[in-house]
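Chains as they are written, first to last, in the working numbering: chain A, 1 to 258; chain B, 259 to 588; chain C, 589 to 925; chain D, 926 to 1264. Glycine is no exception: its CB is placed at the ideal position from the N, C-alpha and C atoms.
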């Protein structure tokens, strides 16, 4: 669908380029909206933008999570306590009200990029804790000590010994984080707190609500984005479980015959 | 009369990971009898099949473990049980704990960390003999624990408040609440310090002497067998190498593997050089043909490579599986 | 006891205060990061939306806003004034329903949210954990496998979509549940009439169902991964060989031990669950904090949003704190350490 | 640099741990005023023996500079370990002191091939400048333990037997040509039929390569078999030390006597005496907190003074014994020296 968006015959920014309120048909696969847009082609852009947002958020929050998780785990001591206290605070804070406040204040300046940065800044704590606990347990294992007494530096120990165990966690959390971020965007958009001119899965639903799609009987305007979202999430989720199993160290161990 | 009779038991693990199937011949043609009122030792190194053997004879055969052939028959005072064909319900209600109980490997962790010890007693007793009178149950349990020389305080403790040795003794107390005919003790003292180990083994011996039941003692530690067991079976790579009364095994071992095991044991007060066997125990997914010990045997002959030696009786109660013995070369 | 206070209570209190401190500080900083003067921006949006307030009211509103944002004095002074007002419980007047205090409006909406949230959290917690444990204890059961896949999928889909699907299905295509609100339009809230309470329950079914469905998957997965280690623990294998019944093992030996981390997790996810409840109310037009928030968004009621944010931070922090205090009751290992 | 002819000199070291949180908690003395030394020109196998919780592992971590002592100091070749600060100094130190760990399968990362550790060690310690030279160095080290690089090349830890991989572990420790090897329970996880080849290996290293070995174990039988001297530890204290034949053939300290008596002999001849009743120790924490001799609660020859203050170190023959029985307080000063 992402690829398709580059072939779209219609510009998503423009409205009323096709007859409005047409139910799904061969010509307009998902029907058209009350704003005269072809829903199928419009949604191709939405998926592209939503995925972009998800991936960007994931990258930002992964960087923070890895840095904090590794530092807290490897250094330990007071630094660990301070970081984890901060971490738990971030975990517990009710994010939505804070995001609403932020979105509310930024409203006009809000765009996908900002949103990704903001979500990235809030999306790390669960995963940082996971990484930290993994590093803590790895640090206690003999093979870390073997490496130390083989004269290996802390940097190479992290890369060679610990990263193969930490990476699967990073990966597993990446897809979760992408899903979370796309979901958050949907939520904020539905509330009208994002850049409403950019087509995303969330803004699709926002405009449908704005035009009272359900009441007006244009059910496909709600159903199509909802369906696309579900399919997208399902797909990403399945991708996640299969890849996750593949790169799990335990699976790898079994593959090499352990 | 025998308590347990195992005949020609063959139990394999069949696993499949990513389309690659593997068969591990963990127990391969094992036959032996357990008599009432004895401590029977099973010795062998890691992955020699002794753990699998216990699983099968105690009715814990679960996939991927599969029994291919053989029989496991018990006779508890005329209550006969065919372990390979008994129904799960009957096994659960009448056999487990009433007739066969366990002291497991790493027994330190057999107690539920979030429940008091007495509650585990209650669960087990209630399962087999519904507790109607709580007071009586408490009294009986206290008496039982006391009889075994444990303080009654342990009943009201959580497992983490007890030392490793104490937990192991609680596990033994749990195993003996119903005076079972057979107690299976699987590496009961492996993680314990020597002084504590001695105390725990003494307790097992005392219980056996006073109640006259049978103990199946599984451990890799030959020194423990020397001091506790009445008869010892030596397993190697899924098969019985030798079986004899303890004195015979230690004084006149016939199988080269047994000889090595016993002669290589270091002792305080003796510094003569002890040799090690070459090679390592075979991988049971791909064991060597013939006698499975032949690649490591110092006396290997041609016949050893092709023919599996039979387990033959050389004397009253002394059986050995070695071609040297068959041919009278020793 | 002294040990308990020193080693358990004090760190928890510190954590509690940290949450509130960080949360409130974040809400303090955010408006100050906004690139424009929030007061003027606010006034001009309100004017642009055709507000019919007289100049005097606008002036008093400007004063209220400046005060609310705490924009008088140096940043440090501002920060202290901000805290001072908070500690007095003063969140300022609502801009939309000027001059009703924000705290009063939140106070009215809060019971609706809690009535929805608390039972939903409890139900999803119980069922999620029960089924999760069962699914690792009975790995071959087909029905449990289906439940697992459903739970997993629903869990990852945004609340909003789940809500909308339920809404469309059960009140649009199959209209068995009301479309929106907490009670039929035109009735007055009357908690002494059974009929009203029943109506209210009927209205709460779909919102609660959404919360339960989404929460269920999380608990299910969490419990499953916790118990997948426990079912092979020595003490479980041991009582199995001792012949204990499956139910007794499941409850006393598997769930009983695995549930403890789940209580901690419950405290951890309260913030998320609370956020989810807000969305739910928006979709179903249920008159709680969420509806209050969306109305505030549409009417640019800044002080209301600020109030809701602060309330939710404090509320979640208190809930987490209480949870932590209850935890030792369940875990003897914590109790005796 | 004055070395006093000592390779390793442990001087009155004490290690205390805080158990518990930031505030409160209890102080646990894991190692208490321990002293011993190894001669520089006379390689030997020195055993630290004790039960779990005796402090032997803590002491070994101290010698590897994994921990710093609360009191006292450890000198290696005359240098105080606590003055090692820079990374290069640490590398220089561990080049000469190498560990062998207990569980061979944990010693190496299960996801990495074992040869990677060997090659890394050779390069990190400057024993070789490139991979090809390193391979030769590694192969030499492996031949010392009866293996060769070809046998372990491309192998993951689980593809080798416990005995093989423990030998690889020793080979890794040998690459940097160390003066001292610390082996923490190196054979407790290895099967009986493979155990002796590793134990014999340490003797070979001592005799052929002049490497000293500190052998840490709970197993008195192997300790007797390989070591020259032994120190018995109880709850942080070294209660008895000296030549292994003296200490184990004629134990002087009542604890050593109990320990020796409790080791099951691999022969059925002493069954009946072995099975006679013994007193089991109090829980671990209780004995740690005891004032005076930690063994007082279980000692058959306990005196009042034992519960009041730490016993002094007394020289009995070639043994050093921490017990009041030999310091003139006991009536039967020679009690322990009967056979």
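DSSP state of residue i mapped onto helix, strand, coil
i: residue 427/B; result: helix
i: residue 387/B; result: coil
i: residue 1137/D; result: strand
i: residue 516/B; result: helix
i: residue 288/B; result: strand
i: residue 135/A; result: helix
i: residue 948/D; result: At residue 948/D the pLDDT is 41, less than 50, meaning the model places this residue with poor confidence; the figure from the coordinates comes in the next sentence. Residue state, collapsed to three classes: coil.
i: residue 369/B; result: coil
i: residue 274/B; result: strand
i: residue 785/C; result: helix
i: residue 443/B; result: strand
Below-8 Å beta-carbon distance, residue i vs any chain C residue
i: residue 440/B; result: no
i: residue 183/A; result: yes
i: residue 321/B; result: no
i: residue 229/A; result: yes
i: residue 187/A; result: yes
i: residue 559/B; result: no
i: residue 478/B; result: no
Residue-level contact to chain B via CB, residue i, 8 Å cutoff
i: residue 938/D; result: no
i: residue 1072/D; result: no
i: residue 823/C; result: yes
i: residue 1244/D; result: no
i: residue 1146/D; result: yes
i: residue 845/C; result: yes
i: residue 1189/D; result: yes
i: residue 1122/D; result: yes
i: residue 924/C; result: Any reading at residue 924/C is ruled out, since the residue's pLDDT is 42, under 50, leaving its predicted position unreliable.
i: residue 976/D; result: yes
Extent of the continuous alpha helix (DSSP H) run through residue i
i: residue 206/A; result: 201-210
i: residue 975/D; result: Note, residue 975/D: premise wrong, no alpha helix (DSSP H); beta strand (DSSP E) at 970-975.
i: residue 849/C; result: 844-872
Paired residues, beta bridge with residue i - DSSP
i: residue 576/B; result: 573/B
i: residue 497/B; result: 494/B
i: residue 961/D; result: 935/D
i: residue 340/B; result: 331/B
Cutoff 8 Å: residue i Cβ touching any chain D Cβ
i: residue 551/B; result: no
i: residue 544/B; result: no
i: residue 71/A; result: no
Residue-chain proximity (residue i, chain F), Cβ-Cβ < 8 Å
i: residue 830/C; result: Any reference to chain F falls outside this structure, whose protein chains are A, B, C and D.
First through last residue of the beta strand (DSSP E) which encompasses residue i
i: residue 1239/D; result: 1238-1241
i: residue 89/A; result: Not the beta strand (DSSP E): residue 89/A falls in the alpha helix (DSSP H), residues 77-92.
i: residue 1168/D; result: 1162-1168
i: residue 333/B; result: 323-334
i: residue 476/B; result: 472-476
i: residue 740/C; result: Not the beta strand (DSSP E): residue 740/C falls in the alpha helix (DSSP H), residues 730-744.
i: residue 1001/D; result: 996-1001
i: residue 1245/D; result: 1244-1247
Contact with chain A by residue i, beta-carbon distance below 8 Å
i: residue 1042/D; result: yes
i: residue 757/C; result: no
i: residue 809/C; result: no
Expected contact under 8 Å - CB spacing of residue i and residue j to nearest Å
i: residue 410/B; j: residue 425/B; result: Contact flag wrong, Cβ pair sits at about 16 Å.
i: residue 939/D; j: residue 997/D; result: 6 Å
i: residue 564/B; j: residue 548/B; result: 5 Å
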